[in-house]
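Residue numbers (my numbering), protein chains in the order written: chain A, 1 to 155; chain B, 156 to 310.
By construction, the Cβ of each residue, glycine as well, lies at the ideal position given by its N, Cα and C atoms.
These figures come from a predicted structure and were not determined experimentally.
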């Protein structure tokens, strides 16, 4: 098991757009239950299943296993809770860490979220100027929550 | 993907007890949703994750992946829906097929179910005399359903 420690922010403006190469991520959930998330993700030629335990603070347990691409595609198309999540991810190096900026598509179009993964909960880090309000603890922004309550239905 | 075609029966009497060697199975669910079951199982020194799609008739899609034993044990103890399912399984050859007789423990003690896996839905097969009423289509007997509604709570 790994421990994932992640902080999540909205973006304040669009300067992230010119940084990093956008990569399409398609992901869906066999379980979106907060206690035991089971996520299927395809990124380029790589498919993985990720199990996540419940959040405590900004940390959660995370286990990852490779999946055959054919199985992952079938899970996303037929088995996962619908709609699946599609987003462009940009990986942007800043201040010694990698920021991941996710630009959502489909039912979540308009939503952009920036995440940073940290080695410990009290690690200090600098924020790029395009990083806005922190939403780490706002469950609406969990990707697993964006299936049942997509961003386009919030307003 | 494999297709699993399975028929399920209660047992009429105890003659199965003297046949086959009982092996302990511990299994739990990361998802018990009928549309997308995610099962973790430990049998002896082998641990697997199995994804099952929704039943249509006696058939369902099934995908199986090996798991590290340490991860499987942690899932069963901490992550899966509680209580987990524990049962002794006996594999009994009869009429050219293998019958699996599951004797449940814990909250499902008293329940014994016999299953046969078939190559197609219309395959003919002989029943051993200890095979009783068929319960293939009774959802209460789904292992995933026995977590939330264990046999001991039925009466």
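(request) Name, please, each residue of chain B whose Cβ falls closer than 9 Å to the Cβ of residue 71 of chain A. (result) For the purposes of this step, residue 71 of chain A is taken as residue 71 along the first chain, with counting starting at 1. Here the neighbours are 156, 206, 218, 220.
(request) Just tell me which of B:217, B:273, B:248, B:268 has its CA closest to the CA of residue 174 of chain B. (result) Counting from 1 along the second chain, the entry for residue 174 of chain B is found at position 19. When only C-alpha atoms are compared, the closest one is B:248.
(message) Distance check for residue 233 of chain B and residue 62 of chain A, CA to CA, integer angstroms please.
(response) Position 62 of the first chain, counting from 1, holds the residue named residue 62 of chain A. Position 78 of the second chain, counting from 1, holds the residue named residue 233 of chain B. Distance between the alpha carbons of residue 62 of chain A and residue 233 of chain B is about 13 Å.
(message) Bridge partners for residue 254 of chain B per DSSP, in chain order?
(response) Counted from its first residue, the second chain places residue 254 of chain B at position 99. Paired residue(s): B:247, B:271.
(message) Let me make sure I understand the geometry here. Which of A:155, A:82, A:4 has the alpha-carbon closest to that of residue 148 of chain A?
(response) Position 148 of the first chain holds residue 148 of chain A. Looking at the Cα atoms, A:82 is the closest of the given residues.
(request) Quick one: residues in its chain with C-beta nearer than 6 Å to the C-beta of residue 171 of chain B, no 5 flanking neighbours on either side, listed in chain order? (result) Taking the second chain and counting its residues from 1, the one referred to as residue 171 of chain B is at position 16. For residue 171 of chain B, where only same-chain residues beyond five positions count, the Cβ hits under 6 Å are 256, 285.
(request) Would you mind working out which of B:209, B:226, B:275 sits nearest residue 294 of chain B, comparing C-alpha positions? (result) Sequence index remark: in the second chain, residue 294 of chain B carries index 139 (1-based). The shortest Cα separation from residue 294 of chain B among B:209, B:226, B:275 belongs to B:209.
(message) Run through chain A and tell me which residues come within less than 9 Å of residue 191 of chain B, C-beta to C-beta.
(response) As a first step, residue 191 of chain B is located in the second chain; it is residue number 36 there, counting from the start. Per Cβ cutoff of 9 Å: 29, 30, 31, 38, 75, 79, 80, 81.
(message) Please report the distance separating the alpha-carbon of residue 219 of chain B from that of residue 117 of chain A.
(response) Counted from its first residue, the second chain places residue 219 of chain B at position 64. Counted from its first residue, the first chain places residue 117 of chain A at position 117. Cα atoms of residue 219 of chain B and residue 117 of chain A: separation of roughly 31 Å, rounded to the nearest angstrom.
(message) Here's the rule I'm using: 16 or more other beta-carbon atoms within 10 Å means buried, otherwise exposed. How should residue 120 of chain A be labelled?
(response) Within the first chain, the letter at position 120 stands for residue 120 of chain A. Under this definition residue 120 of chain A is an exposed residue.
(message) Rounded to whole angstroms, what is the Cα-Cα separation between residue 182 of chain B and residue 305 of chain B?
(response) As a first step, residue 182 of chain B is located in the second chain; it is residue number 27 there, counting from the start. As a first step, residue 305 of chain B is located in the second chain; it is residue number 150 there, counting from the start. When rounded, the distance between both Cα atoms is 14 Å.
(request) Using three-state DSSP, classify residue 184 of chain B as helix, strand or coil. (result) Counting from one through the second chain, the residue named residue 184 of chain B turns up at place 29. Of the three classes helix, strand and coil, the one that applies to residue 184 of chain B here is strand, per DSSP.
(request) Using alpha carbons as the reference points, say which of B:301, B:211, B:200, B:165 lies closest to residue 149 of chain B. (result) Because residue 149 of chain B is not part of the residues shown, which for chain B are 156 to 310, the question remains open.
(request) Could you check which residue in B:264, B:296, B:298 has the C-alpha nearest to that of residue 307 of chain B? (result) Here residue 307 of chain B is taken as the residue at index 152 of the second chain, counted from 1. The candidate whose alpha carbon is nearest that of residue 307 of chain B is B:264.
(message) Rounded to whole angstroms, what is the Cα-Cα separation between residue 50 of chain A and residue 40 of chain A?
(response) Counted from its first residue, the first chain places residue 50 of chain A at position 50. Counted from its first residue, the first chain places residue 40 of chain A at position 40. So the alpha carbons of these two residues sit roughly 7 Å apart.
(request) Give the secondary structure of residue 70 of chain A by DSSP, where H, G and I count as helix, E and B as strand, and everything else as coil. (result) By one-based count along the first chain, residue 70 of chain A stands at place 70. Three-state result, residue 70 of chain A: helix.
(message) Helix, strand or coil, according to DSSP, for residue 307 of chain B in the structure here?
(response) For the purposes of this step, residue 307 of chain B is taken as the residue at position 152 of the second chain. For residue 307 of chain B, the secondary structure class from DSSP, reduced to helix, strand or coil, is helix.
(message) If I measure Cβ to Cβ from residue 231 of chain B and keep anything under 8 Å in the same chain, skipping five residues before and after, which residues do I get?
(response) In the second chain, counting from the first residue as 1, residue 231 of chain B sits at position 76. Its chain contains 181, 182, 183, 195, 197, 239 as the residues whose beta carbon lies nearer than 8 Å to that of residue 231 of chain B, once the 5 sequence neighbours on both sides are disregarded; these appear in chain order.
(request) Determine the contact status of residue 106 of chain A and residue 10 of chain A, defining contact as a CB-CB distance below 7 Å. (result) Residue mapping note: residue 106 of chain A aligns to position 106 of the first chain, counting from 1. Residue mapping note: residue 10 of chain A aligns to position 10 of the first chain, counting from 1. Using a Cβ distance threshold of 7 Å, residue 106 of chain A and residue 10 of chain A do not count as a contacting pair.
(request) Check residue 105 of chain B in the structure and name its three-state DSSP category. (result) Outside the displayed span of chain B (156 to 310) sits residue 105 of chain B, for which this structure offers no information.
(request) Please report the residue range of the beta strand (DSSP E) in which residue 161 of chain B lies. (result) What you label residue 161 of chain B is simply residue 6 of the second chain in a count that begins at 1. Per DSSP, residue 161 of chain B belongs to the beta strand (DSSP E) from 157-166.
(request) Grab me the residues of residue 141 of chain A's own chain with a C-beta within less than 7 Å of its C-beta, minus the 5 sequence neighbours each way, in chain order. (result) Within the first chain, the letter at position 141 stands for residue 141 of chain A. Only 8, 113, 135 meet the Cβ criterion.
(message) With DSSP as the reference, identify every bridge partner of residue 236 of chain B, one or two as the case may be.
(response) Here residue 236 of chain B corresponds to residue number 81 of the second chain, with the count starting at 1. In the DSSP assignment, residue 236 of chain B is bridged to no other residue.
(message) Once DSSP output is grouped into helix, strand and coil, what is the label at residue 138 of chain B?
(response) Beyond the ends of chain B as shown, which are 156 and 310, falls residue 138 of chain B; an answer cannot be given.
(message) I'd like to check one pair, residue 202 of chain B with residue 222 of chain B: are the Cβ atoms closer than 7 Å?
(response) Stepping through the second chain from its first residue, residue 222 of chain B is reached at position 67. Stepping through the second chain from its first residue, residue 202 of chain B is reached at position 47. Yes; because the gap between Cβ atoms is below 7 Å, this pair is in contact.
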